[in-house]
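With my numbering applied, the sequence shown covers 364 to 716.
The beta carbon of each residue, even a glycine, is placed where N, CA and C say it ideally should be.
All of these numbers come straight from a predicted model, not from anything done at the bench.
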Amino acid sequence: MELHETLMYTYNIFASDTHLQIFILVESEPDQPNHYTFSLSMKIGQVERALCTPVTMKLSVDPRKLDFVVFIFPPTTSIPTGCLYHLRTWLRTGGVDHCMFDEQELWFGKDPDLRAIADASFARLLNATQDVSIYSCMVGRAHVSFILRWTRVEPGTYALSLDYEAGGAGRTLFDNYQLRLYCDPQSVSFVIYTIPISSSPPGASHHLRVWLRTPHSLSSELSTPTSDAYLYQRLWKSDDFKIGASLAFESVHQITLATPGPSGPPVWMSESGSGFGFGFGDEVDEPPGFDPMATLMLTAMEGMGTVATMTPTTPTTGLGLGLGTALTPNRKVFPLAAPNVNVSGDGATADDR
């Protein structure tokens with residue numbers, strides 16, 4: 364097996380009373396000579412997370428001597444104010460600039476005024492353990508529980524998942540959101556809120572926002588500790604969260620409501636399901652004349668900015684069989700996986716909230 368080389372470039376930005384570290388990971392592709400994969404991550408306080416999609420490029424220059432231009436700039440307005448930035452990362456080689464990463468939604472800050480968001484409904488923490496946090500919120504007059512779960516991937520790295528449950532039913536909103544923690548998971552808390560969207564029927568659609576926060580006193584040595592202060596960063600959003608209680612579907616214009624069948628749904632079972640959860644030919648308690656396939660067929664989501672300064676150290680190189688470079692002593696470096704999202708959202712806007 365060929366040796367796997369990993370380099371890490373570190374850049375620093377200070378904005379919104381917050382110190383950001385931007386890490387650019389450069390990994391050689393073992394099966395493609397001179398090809399390298401670039402990954403971007405950001406560390407605020409004691410939490411690091413991935414940004415953007417990794418990019419693979421062919422290099423004819425020394426990967427140990429790369430020059431990047433990293434900067435952020437705010438839009439004209441944002442709610443809450445002073446929290447939204449656009450991030451750009453360019454690679455400069457031989458006098459030519461290549462755009463590597465383009466992040467439109469970078470929300471962060473120290474103690475942002477989230478309560479100033481009009482019509483927001485904030486979730487309340489009900490219970491928290493080392494691995495699970497449960498929040499409760501009123502959404503469209505429905506009592507909704509949001510369940511956040513930590514799963515340890517390896518030392519210092521955790522996968523976060525978010526589920527919701529309401530009225531005895533629920534589903535996963537995202538999972539495998541990998542975060543690198545430089546603190547105990549119990550030091551991390553969340554702010555979850557929803558904002559109603561005009562919909563038909565009323566109360567059916569909502570913005571959903573999930574922010575992560577850590578105590579400012581746990582942040583790096585470049586930040587001045589302040590009591591009762593927190594560093595916030597928005598992890599995830601959905602603009603298509605649809606739920607509500609006792610929705611008036613009959614008020615929808617020109618609606619035609621279906622009527623249920625005269626009896627409950629038929630039930631059939633099989634030892635080994637095929638296709639859609641049943642195996643033809645071995646059904647149990649099958650109604651007379653019931654044809655599963657026939658029934659199935661019938662019922663068939665730039666202006667002025669802040670430029671990052673590079674940490675005055677030589678990029679760290681790690682040689683080994685995919686081991687990578689230590690971020691801190693005894694800790695490996697590897698790209699953080701993007702979350703698996705099950706509810707759609709859209710792009711950033713200045714008053715995105």
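Worksheet entry | Neighbourhood of Asn490 by C-beta distance below 8 Å, restricted to the same chain and skipping five residues each side | Ser496, Ile497
Item to complete: Could you check which residue in Glu466, Val502, Phe377 has the C-alpha nearest to that of Asp482?
Response: Val502
Worksheet item: Can Arg455 and Asp430 be called in contact, C-beta distance under 7 Å?
Response: yes
Worksheet entry | Backbone secondary structure at Pro702 - three-state DSSP | coil
Item to complete: Return yes when the Cβ of Ser508 is within less than 7 Å of the Cβ of Glu528, no when it is not.
Response: yes
Practice prompt. Would you mind listing the alpha helix (DSSP H) stretches within the region 596–643 that are 4+ residues and don't spill past its ends, in chain order?
Written response: none
Practice prompt. Rounded to whole angstroms, what's the CA-CA distance from Leu447 to Pro475? Just pull it up for me.
Written response: 11 Å
Worksheet item: Does DSSP put Gly683 in a helix, a strand or coil?
Response: Model confidence at Gly683 stands at a pLDDT of 31, short of 50, so the residue's coordinates are unreliable; what they give is reported in the following sentence. Looking at Gly683 - three-state DSSP - the assignment turns out to be strand.
Worksheet item: Leu370 by DSSP, collapsed to three states: which one?
Response: strand
Fill in: Chain-order list of residues whose beta-carbon lies under 6 Å from that of Lys605 (same chain, five-residue window excluded)
Ala567, Ser568
Practice prompt. Kindly indicate which residue of Asp526, Phe434, Gln617, His570 has the alpha-carbon position closest to the one of Asp602.
Written response: His570
Worksheet item: By how many angstroms is the C-alpha of Thr535 removed from the C-alpha of Ile442?
Response: 27 Å
Practice prompt. With a threshold of 16 other CB atoms inside 10 Å of the CB of Thr348, please say whether the residue is buried or exposed.
Written response: Residue coverage of the chain in this structure runs from 364 to 716, which leaves residue 348 outside it and unanswerable.
Worksheet item: Are the beta-carbon atoms belonging to Arg412 and Leu542 less than 7 Å from one another?
Response: yes
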